[in-house]
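Q: In my numbering, the protein residues as written are -10 to 336.
Sharing a structure here in structure tokens format.
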Amino acid sequence: MEIRRLGASGLRVSALSLGGMLFGASQTLMKGVTSSEEEARRIFDRALEAGINLVDTANVYTEGRSEELIGEWAAGKRDQLLIATKCRFPIGHGMLRKPGPNDWGLSRRAIMTACEESLRRLKTDVIDLYQVHLQDRNVAIDETLRALDDLVTEGKVRYIGCANYAGYSLVESLWAADRLRTHRYESIQLQWSLVQRSAERELIPAAAAFGLGVLVWSPLSRGFLSGKYQRGKTAPAGSRLDVHKDTFRALDTEKNWNLLEVVGRIAEQHEATHAAVSLAWLLARPQTSSLILGVRTEAELDENLRALSVKLTSEDLKALDEASCPAWDYPWDVFRDTEAMEARLLA
Ligand SMILES: NC(=O)c1ccc[n+]([C@@H]2O[C@H](COP(=O)([O-])OP(=O)(O)OC[C@H]3O[C@@H](n4cnc5c(N)ncnc54)[C@H](OP(=O)(O)O)[C@@H]3O)[C@@H](O)[C@H]2O)c1
């Protein structure tokens, strides 16, 4: 397993990590697409055996059951494993019962309570990476950072990170940490894949400029890039995008099917799968710290682990970049055209 540094921090993470969003039954957002507890246990053991050292979960995944399972399975192996979890949303996403007004968000009260509950479910004294799940525009960043900093000082959390921030808020948080002399976010968790490249506008350049680690979520775009979905056909019965039909409709575009053809052609040349090539494209990006794999079965995990041995050529990368290139509108189109003109002037 390849090991990478998490941004400018000293933490070393495996280039592939394991997502816990699908561990155990969900009654809310992931209903019908998760793994049984037995299968999830096999996935967890196999991941550790393959050298994965980071498991990512959240208080809300399978309504807290994901954290409980990871806590049980990590017993006796805690020293081999980095546990990352998150706070921000109320358990059940407000779908099971109406939460109280302080049961979510990034206030001091909500963070401190969520952290205690996660530590209890995870059966651990310390969370390696504690991440805020989404920025909270209703709470001042100073309050959020001071609460997170106290958790580090108290020894309950080792590193802090964020997920799903806008570029301006991410940079604002770094300035605030500097001003307040608190710990800062060491990583950003973001959605990134061949079909979702918006993070390349603001977040990936910000991560590069400020030395933040990048943990990639939905690297296969919920399985769309695995090759099992086909143009003009309905999603395989029981698959994630069969259950989440709106997501499938959003992905069902000419551009994406054409992209899958390019992925398939490159996969054939490397005697690899669509999934392995799609993950290898992300692994080849210098900003990637780790790809958080979301797998429902042990077989999917084994297939995705093979991404580590796919070495894409510069021609492959160019073809994939071109086939997946988003519309870079204002101001990125102006940057691109100006830089191209300047390069011509220098030639
Ligand atoms: N911070 C955030 O806001 C956020 C949001 C989402 C996820 N995450 C994290 O990222 C992790 C991964 O997200 P994700 O589950 O969306 O990742 P993903 O890799 O984009 O999608 C995973 C899904 O693709 C299918 N799949 C995976 N490998 C496959 C293979 N080799 N062949 C065929 N199908 C395959 C499986 O669905 P089926 O087999 O059921 O079709 C699986 O549920 C989560 O567990 C979580 O830790 C974070």
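Note that the Cβ used here is the ideal one computed from N, Cα and C, for glycine as well.
Note that the coordinates shown come from a computational prediction; the quantities given were computed from them, not determined experimentally.
For ligand 1, is there any heavy atom lying closer than 7 Å to the beta carbon of isoleucine 281?
A: As a working mapping, residue 281 is identified with position 292 in the sequence shown. Checking every heavy atom of ligand 1 against the Cβ of isoleucine 281, one is found closer than 7 Å.
Q: How big is the Cα-Cα spacing for aspartate 326 and aspartate 318?
A: The residue given as residue 326 occupies position 337 in the sequence shown. The residue given as residue 318 occupies position 329 in the sequence shown. Their Cα atoms are separated by approximately 11 Å.
Q: Just the C-alpha distance for asparagine 127 and alanine 47, rounded to the nearest angstrom, thanks.
A: As a working note, residue 127 is residue 138 in the sequence shown. As a working note, residue 47 is residue 58 in the sequence shown. Between asparagine 127 and alanine 47, the C-alpha separation is close to 21 Å.
Q: For alanine 273, does the three-state DSSP call read helix, strand or coil?
A: On the sequence shown, position 284 is the one that residue 273 refers to. Of the three classes helix, strand and coil, the one that applies to alanine 273 here is coil, per DSSP.
Q: Between the C-alpha atoms of threonine 23 and valine 251, what's the straight-line distance to the nearest angstrom?
A: On the sequence shown, position 34 is the one that residue 23 refers to. On the sequence shown, position 262 is the one that residue 251 refers to. Taking the straight line joining both Cα atoms gives about 30 Å.
Q: May I ask you to report which of helix, strand or coil DSSP gives isoleucine -8?
A: Position 3 of the sequence shown holds residue -8. Correct three-state label for isoleucine -8: strand.
Q: Helix, strand or coil: how does DSSP classify aspartate 231 here?
A: The count along the sequence shown starts at 1 and reaches residue 231 at position 242. Reduced to three states, the DSSP call for aspartate 231 is helix.
Q: Can asparagine 153 and histidine 122 be called in contact, C-beta distance under 8 Å?
A: Here residue 153 is taken as the residue at index 164 of the sequence shown, counted from 1. Here residue 122 is taken as the residue at index 133 of the sequence shown, counted from 1. It is a contact, given that the beta carbons lie within the stated cut-off.
Q: In terms of alpha-carbon separation, which member of Ile116, Ala(-3) and Ala155 lies closest to glutamate 143?
A: The sequence position of residue 143 within the sequence shown is 154, counting from 1. With distances taken between Cα atoms, glutamate 143 lies closest to Ile116.
Q: Closer than 6 Å by C-beta to alanine 166: which residues in its own chain qualify, once you throw out the five before and the five after it? Chain order, please.
A: In the sequence shown, counting from the first residue as 1, residue 166 sits at position 177. Excluding residues within five positions, the ones whose Cβ falls inside 6 Å are Leu134 and Arg173.
Q: Say whether the segment 253 to 273 touches the segment 206 to 215, bearing in mind that this needs 3 or more beta-carbon pairs closer than 8 Å, one atom from each stretch.
A: Short answer: they touch.
Q: Just to confirm, is the Cβ distance from leucine 183 to glycine 212 under 8 Å?
A: Position 194 of the sequence shown holds residue 183. Position 223 of the sequence shown holds residue 212. No, these two residues do not count as a Cβ contact at 8 Å.
Q: Rounded to the nearest angstrom, how far is the Cβ of leucine 37 from that of leucine 71, given a contact under 8 Å?
A: The residue you call residue 37 lines up with position 48 of the sequence shown. The residue you call residue 71 lines up with position 82 of the sequence shown. Contact doesn't hold; Cβ gap of about 11 Å is too wide.
Q: Quick one: using the 10 Å Cβ neighbour count with 16 as the cut-off for buried, is tryptophan 164 buried or exposed?
A: Numbered from its first residue, the sequence shown carries residue 164 at position 175. Burial call: exposed.
Q: Following a CB-centred definition, is serine 228 positioned closer than 7 Å to any heavy atom of ligand 1?
A: The residue given as residue 228 occupies position 239 in the sequence shown. The answer is yes for serine 228.
Q: Just the C-alpha distance for lysine 112 and leucine 301, rounded to the nearest angstrom, thanks.
A: Here residue 112 corresponds to residue number 123 of the sequence shown, with the count starting at 1. Here residue 301 corresponds to residue number 312 of the sequence shown, with the count starting at 1. The straight-line gap from Cα to Cα measures roughly 41 Å.
Q: Express the C-alpha separation of cysteine 76 and aspartate 114 in angstroms, rounding to a whole number.
A: Sequence index remark: in the sequence shown, residue 114 carries index 125 (1-based). Sequence index remark: in the sequence shown, residue 76 carries index 87 (1-based). Rounded to whole angstroms, aspartate 114 to cysteine 76 spans 17 Å at the Cα level.
Q: To the nearest angstrom, how far is it from the Cα of alanine 332 to the Cα of leucine 297?
A: Position 343 of the sequence shown, counted from the first residue, corresponds to residue 332. Position 308 of the sequence shown, counted from the first residue, corresponds to residue 297. So the alpha carbons of these two residues sit roughly 35 Å apart.
Q: If you draw a straight line from the alpha carbon of arginine 147 to that of tyrosine 119, how long is it in whole angstroms?
A: Along the sequence shown, read from residue 1 onward, the residue named residue 147 stands at position 158. Along the sequence shown, read from residue 1 onward, the residue named residue 119 stands at position 130. Arginine 147 and tyrosine 119: Cα-Cα distance of roughly 8 Å.
Q: Check cysteine 104 in the structure and name its three-state DSSP category.
A: For the purposes of this step, residue 104 is taken as residue 115 along the sequence shown, with counting starting at 1. Note: cysteine 104 maps to helix in three-state DSSP.
Q: State the DSSP-derived secondary structure class of phenylalanine 213, mapped to helix, strand or coil.
A: The residue you call residue 213 lines up with position 224 of the sequence shown. Helix, per DSSP.
Q: Hey, would you say glutamate 175 sits closer than 8 Å to leucine 7, going by beta carbons?
A: If you number the sequence shown from 1, residue 175 lands on position 186. If you number the sequence shown from 1, residue 7 lands on position 18. Going by C-beta atoms, glutamate 175 is not nearer than 8 Å to leucine 7.
Q: My understanding is that alanine 264 touches leucine 309, with C-beta atoms under 8 Å, so please give their C-beta distance in whole angstroms.
A: Here residue 264 corresponds to residue number 275 of the sequence shown, with the count starting at 1. Here residue 309 corresponds to residue number 320 of the sequence shown, with the count starting at 1. Their Cβ separation, rounded to whole angstroms, is 14 Å, which puts alanine 264 and leucine 309 out of contact at 8 Å.
Q: Quick check: the segment 275 to 282 against the segment 227 to 246, are there 3 or more CB pairs under 8 Å?
A: no
Q: Within its chain, find whatever has a CB closer than 6 Å to the CB of valine 141; leave out the 5 residues flanking it on each side and keep chain order.
A: Within the sequence shown, residue 141 is the residue found at index 152, counting from 1. The residues are His172.
Q: In chain order, what residues of the same chain have a beta carbon less than 6 Å from the beta carbon of isoleucine 193, not counting five sequence neighbours either side?
A: As a working mapping, residue 193 is identified with position 204 in the sequence shown. Answer for isoleucine 193: Gln276, listed in chain order.
Q: Check whether the Cβ of glutamate 26 lies closer than 7 Å to any heavy atom of ligand 1, and answer yes or no.
A: For the purposes of this step, residue 26 is taken as the residue at position 37 of the sequence shown. Flag unset: Cβ of glutamate 26 not near ligand 1.
Q: What does the alpha-carbon distance come out to for the pair glycine 60 and isoleucine 41?
A: Counting from one through the sequence shown, the residue named residue 60 turns up at place 71. Counting from one through the sequence shown, the residue named residue 41 turns up at place 52. Cα-Cα distance, rounded: 16 Å.
Q: Looking only at its own chain, which residues have a Cβ that is under 8 Å from the Cβ of arginine 285, when we skip the five neighbours before and after it?
A: Translated into positions along the sequence shown, residue 285 becomes position 296. Leu11, Val22, Thr23, Ser24, Glu28 and Arg229.
Q: If you follow the beta strand (DSSP E) that lysine 75 is part of, which residue opens it and which one closes it?
A: Taking the sequence shown and counting its residues from 1, the one referred to as residue 75 is at position 86. That run of the beta strand (DSSP E) goes 71 to 76.
Q: Indicate, with yes or no, if ligand 1 has a heavy atom lying under 7 Å from the CB of serine 313.
A: As a working mapping, residue 313 is identified with position 324 in the sequence shown. Not so, every heavy atom of ligand 1 lies at least 7 Å from the Cβ.
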